[in-house]
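Numbering (this note's numbering), first residue to last: 277 to 370.
For glycine and all other residues, C-beta sits at the position ideal for the given N, C-alpha and C.
One structure is given below, encoded as structure tokens.
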Amino acid sequence: MTREDIAISLKPITWREDKYEPNEVYLIGVFGRRYAIISGMLGRKLTITINMRYCTEPDPPITYKDVTMDEAKMIARYWQVEEACRHFDIDELT
């Protein structure tokens, strides 16, 4: 199984939306041992943070700033595929 096979077979991330302000964007997506939070204000660049969950010694959060919604979702998808590849011990690059 290749990284590409895994990427094709994985379900898309289901995003849950939470809003505290009318113009605020706050989405949470969970995949494997990681979860992503996309946050910011509508019409502006956003921030996505990838976090670990269920770990006694979690990796530090990975943050990407000044991204569009499409870029943020592509980043989350990359980490979803990466997580699955680590599970199957696949190191090949695409």
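Count the other CB atoms, across all protein chains shown, that sit within 10 Å of the CB of residue i; report buried if there are 16 or more and exposed otherwise.
i	result
isoleucine 326	buried
leucine 318	exposed
aspartate 335	exposed
Candidates the options: which alpha carbon is nearest residue i's?
i	options	result
lysine 341	Thr323, Arg329 and Glu347	Thr323
phenylalanine 364	Pro337, Arg353, Asn299 and Gly308	Gly308
methionine 345	Ile313, Glu280, Val306 and Thr278	Ile313
alanine 348	Ile366, Ile289 and Thr278	Ile289
Report all residues from its chain with a CB closer than 6 Å to the CB of residue i; omit the five preceding and five following residues, and keep chain order.
i	result
isoleucine 304	Arg292 and Ile313
For residue i, I'd like the list of residues in its chain whose CB is within less than 7 Å of its CB, leaving aside the five on either flank, ordered along the chain.
i	result
proline 337	Thr325, Ile326 and Asn327
threonine 370	The predicted model places threonine 370 with a pLDDT of 45, which falls under 50 and marks its position as unreliable, so this point remains unresolved.
What does a CB cutoff of less than 8 Å around residue i pick up in its chain, not counting 5 residues either side in sequence?
i	result
arginine 310	Ile326, Asn327, Met328, Arg329, Trp355, Gln356 and Glu359
tyrosine 296	Tyr302
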